[in-house]
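Spelled out as structure tokens, the structure:
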């Protein structure tokens, strides 16, 4: 596995751990992955997430499925990753917000962003 795939595998493994109804930002994911690998940033996390369904699909365990009401056979819960303002990817805004609502994720009053104060998830040790 080269450095790019090693980074992608670490990002996808962390994203797969985000529980239903919770979310993480690109930046937080980058910080946590950098603790182990010493590299990467929010843009690199975004690149991994944009390729999680095709370019990096081989890095997700075979038969993996997301736990939660919005799983729809997605091996990676991409909708649980948002920007620093709590907004899901603009290209998939409706699908992401629908999935987040279905999981009971706290959203802003206008319903267009994740309320990060209540929804952000930090992985425990290990």
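Residue numbers (the working numbering): -18 to 107. C-beta atoms are modelled at their ideal positions from N, C-alpha and C, and glycine is treated no differently.
Coarse secondary structure for residue i, derived from DSSP in three states
| i | result |
| --- | --- |
| residue 66 | coil |
| residue 95 | strand |
| residue -18 | coil |
| residue 43 | coil |
| residue -1 | coil |
| residue 33 | coil |
| residue 21 | coil |
| residue -8 | helix |
| residue 14 | helix |
| residue 26 | helix |
Residues near residue i in its chain [Cβ-Cβ closer than 7 Å; skip 5 each side]
| i | result |
| --- | --- |
| residue 8 | 23 and 65 |
| residue 21 | -12, 11, 14 and 15 |
Closest by C-alpha distance to residue i, when choosing among the options
| i | options | result |
| --- | --- | --- |
| residue 26 | 19, 14 and 36 | 14 |
| residue 96 | 35, 69 and 59 | 69 |
| residue 0 | 59, 40 and 39 | 59 |
| residue 103 | 32, 75 and -2 | -2 |
| residue 71 | 89, 85, 93 and 86 | 93 |
| residue 56 | 43, 91, 82 and 106 | 43 |
Buried or exposed (CB count within 10 angstroms, at least 16 for buried), residue i
| i | result |
| --- | --- |
| residue 30 | buried |
| residue 16 | exposed |
| residue 98 | exposed |
| residue 5 | buried |
| residue -7 | buried |
Strand pairing of residue i, partner residues [DSSP]
| i | result |
| --- | --- |
| residue 88 | 95 |
| residue 4 | 101 |
Short CB-CB distance (under 8 Å) between residue i and chain C
| i | result |
| --- | --- |
| residue 31 | In the structure shown, chain C cannot be found, because there is only a single protein chain. |
Close beta carbons around residue i, own chain, < 8 Å, minus the five adjacent residues each side
| i | result |
| --- | --- |
| residue 32 | -11 |
| residue -14 | 37 and 40 |
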